[in-house]
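Have a look at the structure below before the remarks.
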Amino acid sequence: MAIDVSYYRSLFPSLEGRTYLNSCSLGMLPQRARERAAQYFDLWMDLGAAAWPQWLAQGERLKALVAELIGAKPHEIALHPNASAAMYSMVSCLDFTQRPKVVYSDLNFPTTAYQWLSQRHRGAQVHLVHSPDGITVPPELVIKAIDERTLILPISHVIYSSAYILDVAAITQAAHRQGALVLLDSYHGVGVVPTDVKALDVDFLVGGMLKWLCGGSGLAFLYVHERWHSQLHPTSLGWFAHRDPFAFDVENLTLASDARQYQGGTPSAVSFYIAEPGLEIIREIGVPAIRERAKYLTSLLIDLADQAGLEVRSPRNPEIRGSTVRLRVPDSQALTSQLLEEKIVVDARGDAVRVSAHFYNTEEEIEGFFASKAIRQLDRPLTDAPPARHR
Ligand SMILES: Cc1ncc(COP(=O)(O)O)c(C=O)c1O
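Just add 1365 to the spot in the sequence shown (first one is 1) and you have our numbering.
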C-alpha cells in the first residue's frame, strides 16, 4: 500500500523548511521522541532511583519492537549503546585457535573491520574480499573465500557507501555448509530492507537506531540466534549479563541463559524512550512499503543524475540497491556546504555525496536537489555518457 507521505511528514516537524536527504547519516527526529524524552525526565524528577524498574521495563519494550522488526524473539536481543559495543561483546565469544579465518569485504564499515583486525593478537586471520568496482560485493567472491578454516563472516547487509544489498542468504548457506558463522551488520538494512533473521538464517545481527530507524544516538542492538545461547559465551560483558544482576554475587558469574548474557553495564535509559517512536512509525508503515518507496525515489534520483551528467556510484538495479544513491562530485565538502545554504542536506563522503530517500521524502525534494544552484553550477560531465536507466 502507498505511504501517506504528508501524514508521516507531519510527524517530523523538522522536515519543514528544508530538504532533508541525509537519513543514511542521521534519521530525522519524530516529534513524539521529544515527548517521550520528557517522560524519562519526569520519572527521574519524580522518582529518582526508584525510576529504574520503569526504565528497565521500557528497555524490554524496545527489545520486543526490535525483535519483531527482524523476525526474532525478544530473548534473542541484547541492547548496547552503539553497534561497535554490540559487536565487541559478540566477538568476545569466539575462539580463533581451530578456525582462525575471518572473511569480509573491503566495503565493510570500518567498525565492522576493526573488530576483527583487533583480534589478530588472539589468532584471527583476516581475509579481505576486494570489491571489483567499489560498489558491489559479488557473492561468488565471498563464497570462494570460505573454507574449513573459516570461523566467521562479518558481512554488511547494505554497503554503507554504495547502498549495494548483499545476497545474505546465499553467503550464509555457503558459510554454514563449511561450519562457519555469519554476523550481519544490518545498520543500513533493518527498517528499510525486509530483514528476517530466521529466513536469512544468520547467527548474529547488529543494527542501530541512529539512521533509518529515526531513534537518535545511544542505542544499538545485537541479535544472537537462540541456537548459540548455551554454546557460545561472551568474555566481554557487564553486570547486566548476569542471570540476576541485583544478586551482587562477586564469587560466581552465572550468565543469563539468553542473549542478555551479551549485555554490558548500566544502559542509557533515555535512549529507550527516544528510540521508541521511530520504531513504532516504521512498524506502522511496514518495511515492505518503505522498501517500495525507496526503490521508486532512488530510481528517480538516478534518472535525474543521468540527466544532470553526474556519475552514479550505486547499483542501477533497484533490487540490489538500498535507500541511498552515491553521486561522484568534484568537491563533496564544498558542495554540501553550498547545498546547506539552500537548506538541502546530503552527506559528503570523499569524492562523492550520498543522497538518501526515506519514507518521509518526496519527489519534489529530489527534483529540488537537482534544481539547486549548487548542483546546476557543478563542473560536469564526470561521465562520458549516461548509462542505461532502471526504474
Ligand atoms: C554499516 C555500519 N555499521 C555500523 C555503524 C555505526 O557503528 P557505531 O554504532 O558503533 O558507531 C555505521 C555508522 O555509520 C554503519 O554505517
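In this text, a Cβ means the ideal position worked out from N, Cα and C, and glycines have one as well.
This one's a predicted model, so the numbers in the text were calculated from it and none came from an experiment.
Under 6 Å, CB to nearest heavy atom of ligand 1: contacting residues: Going along the chain, the residues that qualify are Asn1447, Ala1448, Ser1449, Phe1474, Thr1476, Thr1477, Ser1521, Tyr1525, Asp1550, Tyr1552, His1553, Gly1573, Ala1585.
Using CA coordinates, which residue listed in Leu1620, Gly1392, Gln1396 is at the minimum distance from Tyr1372? Ranked by Cα distance from Tyr1372, the first of Leu1620, Gly1392, Gln1396 is Gln1396.
Count the other CB atoms within 10 Å of the CB of Leu1705; is the residue buried (16 or more) or exposed (fewer)? With a threshold of 16 other beta carbon atoms within 10 Å, Leu1705 falls short and is exposed.
Take Arg1763 and list the residues in its own chain whose beta-carbon comes closer than 7 Å to its own, dropping the five residues that flank it on each side. Missing from the structure shown is residue 1763; the chain here goes from 1366 to 1756 and no further.
With DSSP as the reference, label Arg1754 as helix, strand or coil. The predicted position of Arg1754 is uncertain, since its pLDDT is 45 and thus under 50; a value taken from the coordinates is nonetheless stated next. The answer is coil: DSSP assigns Arg1754 none of H, G, I, E or B.
Sequence ranges, alpha helix (DSSP H) only - wholly within the segment 1487-1559, length at least 4: As far as the segment 1487-1559 is concerned, its whole alpha helix (DSSP H) runs of at least 4 residues are 1504-1509, 1533-1542.
On the DSSP letters alone, give me the boundaries of the beta strand (DSSP E) that Pro1443 sits inside. Looking at the sequence provided, one finds Ala at residue 1443 rather than Pro. Residues 1442-1445.
For Val1449: DSSP bridge partner residues: Here the sequence assigns Ser to residue 1449, which means Val is not the residue at that position. Beta bridge pairing from DSSP links Ser1449 with no other residue.
Distance check for Asp1614 and Ala1722, CA to CA, integer angstroms please. Going by C-alpha positions, Ala1722 is about 49 Å away from Asp1614.
Which residue from Arg1691, Glu1645, Gly1651 puts its Cα closest to that of Ile1667? Across the set Arg1691, Glu1645, Gly1651, the C-alpha of Arg1691 shows the shortest separation from the C-alpha of Ile1667.
Compare the C-alpha of Arg1592 against each of Ala1585, Met1574, Lys1563 and name the closest. It is Lys1563.
Terminal residues of the beta strand (DSSP E) in which Tyr1725 lies: Run containing Tyr1725: none; DSSP gives neither H nor E here.
Can Glu1761 and Leu1386 be called in contact, C-beta distance under 8 Å? Lying outside 1366 to 1756, the shown extent of the chain, residue 1761 is not represented and no answer is given.
Cβ-based neighbour list, Ala1398, same chain, cut-off 6 Å, excluding 5 preceding and 5 following: Cβ neighbours of Ala1398 beyond the five flanking positions: Ile1639, Pro1642.
Taking the C-alpha atoms as reference points, what is the distance between Glu1400 and Gly1572? Inter-residue distance for Glu1400 and Gly1572 is about 24 Å (C-alpha atoms, whole angstroms).
Below 8 Å on the Cβ atoms is my contact criterion, and I expect Ile1435 with Ala1654 to pass it. Report the Cβ-Cβ distance as a whole number of Å. So it is not a contact: roughly 17 Å between Cβ atoms.
The segment 1572-1581 contacting the segment 1596-1606, beta-carbon criterion three pairs below 8 Å: In the pairwise beta carbon analysis, the segment 1572-1581 is classified as not touching the segment 1596-1606: fewer than three pairs are separated by under 8 Å.
Hey, how far is the Cα of Thr1477 from the Cα of Thr1631? Cα to Cα, Thr1477 sits roughly 24 Å from Thr1631.
Through-space distance from Leu1618 to Ile1530, alpha-carbon basis: Between Ile1530 and Leu1618, the C-alpha separation is close to 40 Å.
Local conformation of Asp1411 per DSSP, three classes: Note: Asp1411 maps to helix in three-state DSSP.
Measure the CB-CB distance between His1594 and Asp1566 and report whether it falls below 8 Å. Against a cut-off of 8 Å, the Cβ pair of Asp1566 and His1594 comes out as no contact.
So who's on the other strand from Asp1712, going by DSSP bridges? DSSP lists Arg1719 as the bridge partner or partners of Asp1712.
Simplified DSSP assignment, three categories, for Val1567: Correct three-state label for Val1567: coil.
Backbone CA spacing between Pro1497 and Phe1406 [nearest angstrom]: Taking the straight line from one Cα to the other gives about 50 Å.
Delimiting residues of the beta strand (DSSP E) encompassing Phe1586: For Phe1586, the enclosing beta strand (DSSP E) starts and ends at 1585-1589.
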